[in-house]
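**Q**
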Amino acid sequence: MLCIACCPLPLFGFIAENCANNIVCFSRFSRFELRLTYQWTAKIKRRILIRIKMVRKTNNHPPRTVVNPLPTDPTDPPGMDCFADDREALNDFAKYFNNAHLSDVTLLVGDEIYSAHRIILTKSSEVFDRMLSQKWNGDKKELELVEEPQCQRVFAAFLRFLYCNHIVLHPDNTLPILVLADKYNVHSLRKVCIDYAVNNILPELSLRELFHVWYSYATKAFHQPLINACIKVLAWHFEEMITSEEWEKEWLSVDRDQLTELLKSNDLVLSSEYRLWEAVQKWLMAPSHPERRGNTASPLLVSILPLIRFPFMTADELTMVERSPFVETHPKLFHPQILLAYKFQALPLSSRLNCKEFTGTQFILRNYTDVRWDRRIVVRGEDLRLEEGYNRAIDQAFSIQTRSSTFPLQSWNWKVQLSSQMVANSHEELRLYLVSEDIDQPRSIEYLVSIVDEKKVLRSLAGRKNFTKTRYCADLEIEKKVDLNELYVENSPLLVNGDLHLQITFRPID
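Per numbering that gives the first Met the number 0, the sequence shown starts with residue 0, numbered consecutively.
1. Just the C-alpha distance for Val185 and Phe127, rounded to the nearest angstrom, thanks.
2. Quick check: what's the CA-CA separation for Glu476 versus Ser264?
3. Helix, strand or coil for Ile508? Go by DSSP, reduced to three states.
4. Could you check what DSSP says for Trp411 in three-state terms: helix, strand or coil?
5. In the DSSP assignment, what residue or residues form a beta bridge with Glu247?
6. Within 10 angstroms of the Cβ of Gly12, are there 16 or more other Cβ atoms? Answer buried if so, exposed if not.
7. According to DSSP, what are the bridge partners of Ala461?
8. I'd like the span of the alpha helix (DSSP H) that includes Ile230, first residue to last.
9. Three-state secondary structure (DSSP) at Asp452?
10. Is there at least one Cβ from chain B nearer than 7 Å to Arg351's Cβ?
11. With distance defined between alpha-carbon atoms, name the residue in Glu290, His116, Arg152 and Gln151 nearest to Glu141.
12. With DSSP as the reference, please indicate the residues paired to Glu111 in a beta bridge.
13. From Ile230, Thr360 and Thr467, pick the residue whose C-alpha is nearest to that of Pro215; which is it?
14. Could you give the uninterrupted runs of the alpha helix (DSSP H) lying entirely in the stretch 254 to 336, keeping only those of 4 residues or more?
15. Just checking my contact of Phe237 with Leu267 at CB under 8 Å: how many whole Å lie between their CB atoms?
16. I'd like to know whether the C-beta atoms of Cys150 and Pro175 end up nearer to each other than 7 Å.
17. Rounding to the nearest angstrom, what Cα-Cα distance links Val320 and Val326 in this structure?
18. Between which two residues does the alpha helix (DSSP H) holding Asp91 run?
19. Give a yes or no on whether the C-beta atoms belonging to Glu428 and Gln420 are separated by under 7 Å.
20. To the nearest angstrom, how far is it from the Cα of Ser270 to the Cα of Leu447?
21. Could you tell me whether the Cβ atoms of Ser404 and Val370 are closer together than 7 Å?
22. Cβ of His222 within 7 Å of Cβ of Val377?
23. At what residue ranges does the stretch 181 to 216 contain a whole run of the beta strand (DSSP E), taking only runs of 3 or more?
24. Take the Cβ of Ile303 as the centre, count every other Cβ of all protein chains shown within 10 Å, and call the residue buried at 16 or more, exposed below.
25. If contacts are defined as beta-carbon pairs under 8 Å, then Glu260 and Thr218 qualify, I think. What distance do you get, rounded to the angstrom?
26. Indicate the three-state DSSP secondary structure (helix, strand or coil) for Leu417 in the structure shown.
27. With burial defined as no fewer than 16 other Cβ atoms inside 10 Å of the residue's Cβ, what is the status of Leu177: buried or exposed?
28. Val378 lies in the beta strand (DSSP E); which residues open and close that run?
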């Protein structure tokens, strides 16, 4: 795949300046700064570096904003910034890649030798800037770079990108090129590699390859977009990862950063939060990792416990957590978490609205597969933006199952309908309806509906409804909490990457 990094500012016009042969060209810099294509004397190079430092101060201007360094005559008419083609300007520099013409430094990479230009290397990479500085290797004409064999094979493509912002990516070369982009801190190439991997590589990988290669590297390099993309895939298979014998070795060997990133995710698909706690406890007690227990366990537990959603465990499950040997040895870490969970379980749903302590990450549902009293619903962005004629229209329905208050135990079927509705004065409102399906006897429930993002509960509403065979549908009056237009503003705080995340909780009324 051809990948060309963004070039927000082109190379600007040249200022003629007499020197030596009377025709020395000195560039006005852009955000990409100066790309030198002529042989400069040491004196001119020093002047250029001074100019670079000055120009770096102007790099915070919005794209296409130019601070004109030329003096202007008050009698001149108003002017306009004019730009040549960015890509054409960049492509012109490709001819200097690995070209001895005007080269002032040689790179030794494995068995390969590359002719390079200091100004290109330092412009593109802060690491090269330091390596080629006077303090380090300022006078050296040769620079040996120690790279892994996989990176040596792709170094030519990496180096060429520094000249022309162009590279051809495929599944075999993307990771080693990303490693080089990280090592030399080339921001634009890093972004190109991550975007390509997320869109073209990860969807085609086996689960094990994604876990062992890409997720492992992403967590070590702290690439959050890449981590998130890996977790979206791993989340669908999470129960298998924590319960099956085939994955036991991998699960027990994940490091703390990998575990933490998984526990942060709201997308995990698993039977219950207690099942997750069992897996975490098994991880803590792994025989090959004694550092996870004893006196060294406290810092680890401090980072892990807030990520476990104890409030969504049942009272019986919380009791079993209290019997854990870790609770006995670290009561000060566990007891506040468990007591808060008991409080959450004990209060009526309407009372939870007034508790600010119930708005953190621990109170956001995951994708539990057990039949419960609560359910997480995600309304995709494209479903929020349906259009009929000139009007926006929302019409989405979600079937859910909950527990029931009957004996013997059985499940209740519901349909949650989200729609937009025209009301007086041609005003649209967001409506949320709850429909009881297959009802054979009255249902009296208390409900709590919350809009959440990835880290907190944003807004909630609660109420009580009675359902019978003749009155099987109820309006939950979400319009009192959410204006429809709030969902359509740019970067709406009520949406997560353009999606609306809801969670709904029921409780039978005695």
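Heads up, the beta-carbon is just placed ideally off N, CA and C, and yes, glycines get one too.
**A** In terms of the structure at hand:
1. 10 Å
2. 30 Å
3. coil
4. strand
5. Paired residues: none, contrary to the question.
6. Because Gly12 carries a pLDDT of 32, less than 50, the predicted location of this residue cannot be relied on, and the following value inherits that uncertainty. It is exposed - the Cβ of Gly12 has fewer than 16 other Cβ atoms within 10 Å.
7. Leu447
8. Gln223 to Ala234
9. coil
10. Checking the listed chains, one finds no chain B in this structure; it contains a single protein chain.
11. His116
12. Val108
13. A quick correction: the sequence has Ser, not Pro, at residue 215. Among Ile230, Thr360 and Thr467, the Cα nearest to that of Ser215 belongs to Ile230.
14. 255 to 263, 272 to 283, 296 to 303, 314 to 321 and 324 to 328
15. 5 Å
16. yes
17. 8 Å
18. No alpha helix (DSSP H) contains Asp91, which DSSP labels as neither H nor E.
19. yes
20. 22 Å
21. no
22. no
23. none
24. buried
25. 6 Å
26. strand
27. buried
28. Asp373 to Val378
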